[in-house]
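Heads up: the structure comes next, in structure tokens.
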Amino acid sequence: MDVRLLDATDDPEKLICQAARNDYASEFIADQSFEEVMSTIDGDSIEDRKETLLTHLLEHGHFGPFEHPHATFAIEGVSRSCMAQITRHRHVTFDIQSMRYVSFDDVDPEAVREGELVVYPPSATDPDWVGRNQDTGPVDEETVEKREEVFADTVASAVESYQKLLELGMPPEDARFVLPIGTKVNIVMTMNARMLMHIGDMRAAADAQWEIREMTEQILDLAEEWAPITFEYYNEHMKNRKNRLAP
Ligand SMILES: Cc1cc2nc3c(=O)[nH]c(=O)nc-3n(C[C@H](O)[C@H](O)[C@H](O)COP(=O)(O)OP(=O)(O)OC[C@H]3O[C@@H](n4cnc5c(N)ncnc54)[C@H](O)[C@@H]3O)c2cc1C
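Quick note: the sequence shown uses numbering that gives the first Met the number 0, first residue 0, plus one each step.
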């Protein structure tokens, strides 16, 4: 998968601070410089003051101001299964690559055996992989080779059938019914910083599936570059405490 920050609010942490300070300001916030807005907060520099205020908000569960800045992520090549999981989050805006308007008629079914178009789960190729909901432990090389063979045969054959149906004039929106749930999809999604922390709580957690966990970890890395004080604090003090942001 490839996860990138497509666009985001400029200076998100300044905006969070302005919104939070508005609650306690007698003057109109838009008429004041940021230095004035932050003048009563502890710290030697404006960066120190930002850190003081943001940390205070996060420590005290005052998450509302984190809803103002937004980030948009572009995600390439996750499974439709992962897509079904992430799209359950109702405060995120999604655009999903269409299988009605995009047809995969030029994909070589042999390339599908090498990982094109369909995501291969690690349990299909790694004998030492033990998934959370797996009854058995690690397996021997022979077993995993058989798994990979069955998996590759099935997905390649599904893509062949899909392309045959297209050749027989079936519309892509109907022919897609034979494609596997592991078929890759590209997603654009936008969320605010509070929601981003909630996604981290739910989807980077140990009980989430490996694929959505990997995607979420990449999103959190990008978020740390975007809003460093907030997401460094989140990663250090709040992550892995599921549902902390749920009211
Ligand atoms: C490990 C894991 C396994 C899962 N397994 C399943 C499964 O087997 N089957 C299944 O159906 N789902 C499953 N889910 C999805 C899960 O039940 C939630 O639907 C999904 O994670 C969305 O999260 P959320 O409920 O926090 O809501 P979000 O849409 O992310 O909303 C964020 C918060 O806003 C509030 N909120 C939003 N909408 C409402 C509302 N209408 N009323 C009241 N409060 C609201 C809630 O406090 C909520 O926590 C699973 C999720 C995880 C993380």
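For glycine and all other residues, C-beta sits at the position ideal for the given N, C-alpha and C.
Every value quoted in this text rests on a predicted model; they were computed, and no experiment measured them.
For the alpha helix (DSSP H) containing residue i, list its first residue and its last residue.
i      : result
Glu46  : Ile45 to Glu58
Tyr232 : Pro227 to Tyr232
Leu14  : Pro11 to Asn21
Phe62  : It is not in any alpha helix (DSSP H) - Phe62 carries neither H nor E in the DSSP assignment.
Phe27  : Here Phe27 belongs to no alpha helix (DSSP H), and DSSP marks it neither H nor E.
Ala110 : Pro108 to Val111
Tyr235 : According to the sequence displayed, residue 235 carries Glu and not Tyr. Run containing Glu235: none; DSSP gives neither H nor E here.
Val36  : Phe33 to Val36
Flag residue i as yes when its Cβ comes closer than 7 Å to any non-hydrogen atom of ligand 1, and as no otherwise.
i      : result
Met201 : yes
Asp94  : no
Ala207 : yes
Ala89  : The sequence shown places Arg at residue 89, not Ala. Under cutoff, so the answer is yes.
Gly197 : Here residue 197 turns out to be His, not Gly, going by the sequence shown. Checking the Cβ of His197 against ligand 1 gives yes.
Could you please give me the residues that DSSP links to residue i through a beta bridge?
i      : result
Glu75  : Asp1
His88  : Answer is none; His88 lacks a bridge partner.
Asp6   : Thr71
Val117 : Thr182
Along the chain, where does the beta strand (DSSP E) that runs through residue i open and close?
i     : result
Thr92 : Thr92 to Ile95
Length at least 3, wholly inside the region 148-198: the beta strand (DSSP E) runs in chain order:
183-191
Decide if the region 51-64 is in contact with the region 4-23; the criterion is three or more beta carbon pairs, one per stretch, under 8 Å apart.
Three or more Cβ pairs drawn from the region 51-64 and the region 4-23 lie within less than 8 Å of each other, which places the two stretches in contact.
Pairing CB atoms from the region 74-85 with CB atoms from the region 200-219, are three or more of them under 8 Å?
Short answer: they touch.
Pairing CB atoms from the region 50-61 with CB atoms from the region 123-141, are three or more of them under 8 Å?
no
Counting pairs of beta carbons, one from the region 217-232 and one from the region 86-105, are three or more of them closer than 8 Å?
no
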